[in-house]
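Chemist:
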Amino acid sequence: MEIVLKLLNYIFFIGLTKSFSFFFNLYIYSQLDTQDYGSFQYYFSLVSMIFIPFVDSLLDLKLVNNENGVNKILKIKCSFFLTFMTFLLIYSFYFKLNLLIVILFSAHYFFLSLRSHNVTLLRRSLLYKYEQIIMFIEKFLPILILFIFYLLNLTLDLKVIMIILLSSSILSFITSTIFRQTQLKKEIAIAQKFSGKQTIKHTFFAILASYFMAIYFKVDQIMIGNLIGIKYVANYALSVKFLEVFFLIPGLCMSYFFPRFSEQIKTKTLNAKYHLGLFFALGLALSCLFSLLNLIKHQYIINIRPFFTPWVMTLTIVTLGHYLTQILVALKREKVLLYITLIAVIINAVLNYLTIPKAGPVAAAYSTFITETLVVIFCLIAALKSRFRIEQ
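Converting from the sequence shown to the numbering used here requires adding 186 to each position, the first position being numbered 1.
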């Protein structure tokens, strides 16, 4: 019962923070012109694609498994940030990007990485409730500031929005530092380490797979901006924001069912056909719900209407993909998952390069559908082979 309550609390918290992010993006889309909103999403994809997976995944995994290397890892993060900024400045000069926005975005993610450093230390000591408080502040503050702007009828532009985000990340870092300094001294810190080298190896492969998946989901917007112009990123990015609301449902379902699947795999009682059918039905239901948005006569929906057909098809496939990728993790086949995601990144990038200049941003949506279909096929083959090995 306690585990179920924790999972429900996690699902509610993730749903709440994702809702904040969705409405934040919806509001700034209404306030900015197409060029500025496209720039916002382009810079967001560019910075987060490289910076966040590295500092939040690889370094924080090392932090969990290294009690004495806290300051050393923090120095690595700072060194990486300086190297990353050098790369970004060269990239910005080459593609003639707005340097101030690039710097503000990079500073925003740097403070998020410092926040992540503190949160990992709290998590290592089983102080999960403080992580939720920190994340709530980080997501809620921009919404609150935007609401004040709305009440006072103040004008928003890209620089103001970036200053708002930077303020939220700085406050999040300060809050996490306070919690880290005070709570770790008050409570008994029980270091939660991974058990054994084999588990660490599997976790490392899973993180690398997540890294490539992050690139896979961000590269579309970067390639659209580079190949046909940043203003074309705007409507594509907005359609993705709507799609992410529906993506959240199978993700939360897997968060709830994953412990059961892991246990059933250990006891060889997993009914894979039943669960596959269940998630396929869930995917169809989500696709039907998403298609109903097309009936809404709002400017948001009108602007993203060209993307409805590929996204409706993608939703069912992605829902199946959520199930199959987590099954591979439960089967300890993270290395196979890593290869699949790496192949997906390459295929998606090649399809984008070939189709976006001819067909526009909608081609990126169809490329995603094709790539996701191949990922599901590869994962299904890998899961069937792994399951057979276990049965034998």
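The beta-carbon is built from N, C-alpha and C at its ideal position, and this holds for glycine as well.
Measuring alpha carbon to alpha carbon, tell me which of Phe428, Ile529, Leu290 ends up nearest Thr208.
Modeler: Note that residue 208 is Phe in the sequence shown, not Thr. Of the listed residues, the one whose Cα sits closest to Phe208 is Phe428.
Chemist: For Phe206, which of helix, strand or coil comes out of DSSP?
Modeler: Of the three classes helix, strand and coil, the one that applies to Phe206 here is helix, per DSSP.
Chemist: Could you give the residue range of the alpha helix (DSSP H) that holds Phe493?
Modeler: Unbroken run through Phe493: none, as it is neither H nor E.
Chemist: Give a yes or no on contact between the region 409-424 and the region 538-555, applying the rule of three or more CB pairs nearer than 8 angstroms.
Modeler: Contact between the region 409-424 and the region 538-555 is present, because at least three Cβ pairs lie under 8 angstroms.
Chemist: With respect to the alpha helix (DSSP H) encompassing Thr541, which residues constitute its N-terminal and C-terminal limits?
Modeler: 520-545 is the extent of the alpha helix (DSSP H) around Thr541.
Chemist: Exposed or buried, what is Gly382 when buried is set at 16 or more other beta-carbons lying within 10 Å of its beta-carbon?
Modeler: Because the pLDDT of Gly382 is 41, which lies under 50, any placement of that residue in the model is unreliable, and the question is left without a value.
Chemist: Measuring straight from C-alpha to C-alpha, what distance separates Leu540 and Lys258?
Modeler: Approximately 44 angstroms between the Cα atoms of the pair.
Chemist: Just the C-alpha distance for Lys325 and Thr203, rounded to the nearest angstrom, thanks.
Modeler: Answer to the nearest angstrom: the Cα atoms are 6 angstroms apart.
Chemist: Does the Cβ of Cys474 have 16 or more other Cβ atoms within 10 Å, making it buried, or fewer, making it exposed?
Modeler: Exposed is the call here.
Chemist: Taking the CB atoms as reference points, tell me whether Phe291 and Val233 lie closer together than 8 angstroms.
Modeler: Contact flag set, yes.
Chemist: Does the region 266-278 come close enough to the region 332-345 to have 3 or more Cβ pairs within less than 8 angstroms?
Modeler: Counting Cβ pairs under 8 angstroms, fewer than three are found: no touch.
Chemist: Of the residues Tyr295, Phe279, Ser553, Val419, which one's Cα is nearest the Cα of Phe266?
Modeler: For Phe266, the nearest C-alpha among the options comes from Tyr295.
Chemist: On the CB-based measure, 16 or more other CB atoms within 10 Å of its CB, does Lys483 come out buried or exposed?
Modeler: Lys483 comes out exposed.
Chemist: Are there 16 or more other CB atoms within 10 angstroms of the CB of Arg301, so buried, or fewer, so exposed?
Modeler: Buried, by the Cβ-count rule.
Chemist: Answer with buried or exposed for Ile376, where buried requires no fewer than 16 other C-beta atoms within 10 angstroms of its C-beta.
Modeler: Annotation note: pLDDT 43 at Ile376 (below 50); position unreliable, coordinate value reported separately. Exposed.
Chemist: Report yes or no: do the region 489-498 and the region 462-470 share at least 3 C-beta pairs separated by less than 8 angstroms?
Modeler: No: the two stretches stay apart, fewer than three of their Cβ pairs being nearer than 8 angstroms.
Chemist: Between the beta-carbon of Asn284 and the beta-carbon of Ser355, is there less than 8 angstroms?
Modeler: No, these two residues do not count as a Cβ contact at 8 angstroms.
Chemist: Can you say whether Pro328 is buried or exposed, counting buried as having 16 or more other CB atoms within 10 angstroms of its CB?
Modeler: That one is buried.
Chemist: Is Tyr460 buried or exposed, if buried means 16 or more other CB atoms sit within 10 Å of its CB?
Modeler: The residue is exposed, with fewer than 16 neighbouring Cβ atoms inside 10 Å.
Chemist: Hey, how far is the Cα of Phe476 from the Cα of Phe432?
Modeler: Taking the straight line joining both Cα atoms gives about 8 angstroms.
Chemist: Between which residues of its own chain and Gln227 is the CB-CB distance below 6 angstroms, once the five residues before and five after are set aside?
Modeler: So the list reads Gln407, Val419, Ala423, once near-sequence residues are dropped.
Chemist: Does the region 520-540 come into contact with the region 555-566, if we say contact requires no fewer than three beta-carbon pairs (one atom in each stretch) closer than 8 angstroms?
Modeler: Verdict: yes, contact present.
Chemist: Using DSSP with H/G/I as helix, E/B as strand and the rest coil, what is Asn284?
Modeler: It is coil, neither helix nor strand.
Chemist: When you compare only the Cα positions, how much space is there between Thr527 and Glu317?
Modeler: Near 29 angstroms, if we compare the C-alpha coordinates of Glu317 and Thr527.
Chemist: How long is the line joining the alpha carbons of Cys565 and Leu524, rounded to whole angstroms?
Modeler: Whole-angstrom Cα-Cα distance: 11 angstroms.
Chemist: Can you find the residues in the same chain that come closer than 8 angstroms, C-beta to C-beta, to Leu342, ignoring five residues on each side of it along the sequence?
Modeler: The residues are Ile214, Gln217, Leu218, Leu332, Phe335.
Chemist: Any idea what DSSP makes of Leu570, helix, strand or coil?
Modeler: The answer is helix: DSSP assigns Leu570 an H, G or I state.
Chemist: Can you name, in chain order, every residue of its own chain whose Cβ lies under 6 angstroms from the Cβ of Leu137, other than the five neighbours on each side?
Modeler: No answer is possible for residue 137: it lies beyond the span of the chain, which begins at 187 and ends at 578.
Chemist: Leaving out five residues on either side along the sequence, give the residues of the same chain with a beta carbon under 7 angstroms from the beta carbon of Trp497.
Modeler: So the qualifying residues of the chain are Ser425, Leu429, Phe476, Ala551.
Chemist: Going by Cα to Cα distance, which pick from Met409, Val515, Val561 is closest to Thr500?
Modeler: The option with the nearest alpha carbon to Thr500 is Val561.
Chemist: Between Thr269 and Lys518, what straight-line distance do the alpha-carbon atoms span, to the nearest angstrom?
Modeler: Taking the straight line joining both Cα atoms gives about 34 angstroms.
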